[in-house]
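Notes follow the structure.
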Amino acid sequence: MAAHETEEAVRDLRELGLLSTGGAGGGGPEPLVPHPVDFARVKVLNPLQRELNRAQALVDELRSGLDQLELSTPRSQHAHCSLEIVHELSDVRRLITGFADECCDEALSSQPGGARVEEVLADSMDRTTRLLGRGVRMRTLYQHTARFSPATLSYVDLVTPLGAQVRTLAGGFPRCIVFDRKVGILPLVGDSKGAVIVRDPQLVAFVAEAFDRVWTIASDLSPEERRSDRVAATSEIQHAIISLLTQGESDKRIAQVVGISLRNCQRHISHIMKSIGARNRLHAGYLLSKEPFSGH
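Each step along the sequence shown adds one to the number in this note's numbering, with nothing skipped, and position 212 is 212.
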């Protein structure tokens, strides 16, 4: 063994209690004294077992206390607690991880807004891998604009072979996560970092059914034939912009609904107006109502 390998082995064996120094070595290196495995078991495993027993006792005590609290809570208060508001992003992420670890059958997720942040994708990767590893069916909805995000496509390429299904559509679906059709996480109005935890069976069922209906008209985001899919997605994005434009929506609102930046949205609108020869937005609305936009 090389010197550094010997040093690492000695260090590991000493940490396990299988080696110790045996006193003075006559001016040379301290001699190492081996110990039987039973000695290591007493020295290392017993303290860990005691710590584990204490942690288990604490878990049992907390579970018992929470069970008693639930039994003593009136039904009217249970109905009120079916909606839980969480303001801190860190708390929301911890709850999502906890619900994901308890999920047994199905996870639904909608993430509108186009390209997703790489940090968020990396953070969800471990959670997603554990879900799919347990055989949980996972379906995710993005907007068509996610098809132009290398980070999002890389993430999809990693999770689809594991069993995840990913689809996109132009207008998107409101942000949500639903686990086993029992608990849902919805965005908190006016708070981009907060969320509402929903446990009411009727409301969760409503969100899940709406998700199912939109899923049937969404397009697969699979690695195959992505180039042709992008062309179709671009056409659908433009038609979604046109629909909102003829309804008189502002550029900011159109960008928000379609899931693109304001600048990119204005670029699309400028291209559309130039293509149809419109002098202004009002004129564009009139022309588009008379003749469909070809996209060329």
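Just so it is clear, CB atoms sit at the ideal spot from N, CA and C, and this is done for glycine as well. It should be emphasised that the depicted structure is a prediction, and the values quoted were computed from it without experimental measurement.
Item	Value
Outcome for proline 31 when other beta-carbon atoms lying within 10 angstroms are tallied against a minimum of 16	exposed
Straight-line Cα distance separating glycine 17 from aspartate 38	10 Å
Buried or exposed (CB count within 10 angstroms, at least 16 for buried), cysteine 103	buried
Reduced DSSP secondary structure (H/G/I, E/B, other) of glutamate 15	helix
One or two residues paired with threonine 168 in a DSSP bridge	Tyr142, Ser219
Inter-residue spacing [alpha-carbon to alpha-carbon] between serine 20 and valine 10	9 Å
Residues sharing a beta bridge with proline 34, DSSP	Leu19
Straight-line gap, glutamate 225 to alanine 122 (C-alpha atoms, nearest Å)	Because glutamate 225 carries a pLDDT of 49, less than 50, the predicted location of this residue cannot be relied on, and the following value inherits that uncertainty. Rounded to the nearest angstrom, the two C-alpha atoms are 25 Å apart.
Member of Thr168, Met1, Glu70, Val196 whose CA lies at the smallest distance from the CA of isoleucine 85	Val196
Bridge partner(s) assigned by DSSP for glutamate 106	Arg137
Proline 112 burial status per 10 Å Cβ neighbour count (16 or more: buried)	buried
Valine 207 versus Asp220, Lys43, Ser219, Pro187, residue with shortest Cα-Cα distance	Pro187
Cutoff 6 Å; reference serine 76; Cβ partners in own chain excluding five residues on either side	Residue confidence is low: serine 76 scores 48 on pLDDT, short of 50, so the model does not pin down where it sits. Its coordinate-derived value is still stated next. So the list is empty, once near-sequence residues are dropped.
Classification of glycine 248 by the beta-carbon crowding that lies within 10 angstroms, buried from 16 upward	exposed
Buried/exposed call for histidine 144, threshold 16 Cβ in 10 Å	buried
CB-CB length for aspartate 180 against glutamate 106, believed under 8 Å	6 Å
Selected residue, minimal CA-CA separation from glycine 285, among Ile241, Ile260, Gln256, Val257	Ile241
Those residues which DSSP pairs with proline 187 across a bridge	Ala195
Methionine 125 versus threonine 152 - alpha carbon distance	12 Å
Cβ neighbours of alanine 255 in the same chain (closer than 6 Å, five flanking residues each side left out)	Leu262, Cys265
Isoleucine 260: first and last residue of the uninterrupted alpha helix (DSSP H) it sits in	From DSSP, isoleucine 260 is part of no alpha helix (DSSP H); its letter is neither H nor E.
Phenylalanine 179 - DSSP class collapsed to helix/strand/coil	strand
Continuous alpha helix (DSSP H) stretch holding leucine 71: start and end	46-72
Host beta strand (DSSP E) of valine 86 (start-end)	83-86
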